[in-house]
Amino acid sequence: MTNSLILAEDTLPLEKGNLPLLPLPYDLVWSIVCFVLILWLFWKFVLPKFQEVLSEREDRIEGGIQRAEAAQSEAKAALQKYNDQLAEARAAAARIRDEARADGQKIVADMKTEATEESNRIIAQGEKQLAAQRDAVVADLRKDMGQNSVDLAEKLLGSHLSDDAKRAETVDSFLSSLDDIPAGK
42 MTNSLILAED TLPLEKGNLP LLPLPYDLVW SIVCFVLILW LFWKFVLPKF
92 QEVLSEREDR IEGGIQRAEA AQSEAKAALQ KYNDQLAEAR AAAARIRDEA
142 RADGQKIVAD MKTEATEESN RIIAQGEKQL AAQRDAVVAD LRKDMGQNSV
192 DLAEKLLGSH LSDDAKRAET VDSFLSSLDD IPAGK
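With positions in the sequence shown counted from 1, the corresponding number in our numbering is that position plus 41.
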């Protein structure tokens, strides 16, 4: 192992004033020249392209923000328009509903009026029929009572009332006496 250390020491050029951590001056010069050349190439070609990409990206982002703001304002306008249309539709529905209620009430009132008129007409017709039937019954009863009174008078008098004038006079006097009797008796 000591032999290898000696060999390693022989390979390193140690000169006076040369420190092992500092590079030699020709290495420093060539490193600076390469660095400047790379810096110039970077500054001339890479950095403008990088700036162009960054500005394009910035434009896209700003354009996207503007488009998003425009879309948001359009959405707000559409929402407002939708809300206005919804309010109009609700008002129209309320108006139609009120008109339908009014029409329904009018129809019900018309039907009630029509039913009342029909009922009154039927009642009036029934009363007319009842009066006609009553008159017919009264006429039949008068005729029957007149005949019965003639028969009864013939039986009581024992004579035959063949004369029409006498018969009519007897029937009329009997019926007039019946008209004078109150209805409850």
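From the three backbone atoms N, C-alpha and C, an ideal C-beta is built for every residue, glycine too. This one's a predicted model, so the numbers in the text were calculated from it and none came from an experiment.
Check whether residue i and residue j have beta carbons under 8 Å apart
i: Glu183; j: Leu216; result: Residue identity check: residue 183 is Arg in the sequence provided, not Glu. Against a cut-off of 8 Å, the Cβ pair of Leu216 and Arg183 comes out as a contact.
The alpha helix (DSSP H) enclosing residue i, as first and last residue numbers
i: Phe76; result: Pro66 to Leu82
i: Val191; result: Leu88 to Leu198
Pairwise C-alpha distance: residue j and residue i
i: Pro61; j: Trp71; result: 19 Å
i: Lys147; j: Glu140; result: 10 Å
i: Gln170; j: Ala177; result: 10 Å
i: Lys122; j: Arg142; result: 30 Å
i: Cys75; j: Val87; result: 16 Å
i: Glu99; j: Ala134; result: 51 Å
i: Val77; j: Asp68; result: 14 Å
i: Arg131; j: Ala112; result: 28 Å
i: Leu80; j: Ile73; result: 10 Å
i: Arg108; j: Ile102; result: 10 Å
i: Ala156; j: Arg136; result: 30 Å
Evaluate the contact criterion for the stretch 211-220 versus the stretch 182-189: three or more CB pairs, one atom per stretch, below 8 Å.
yes
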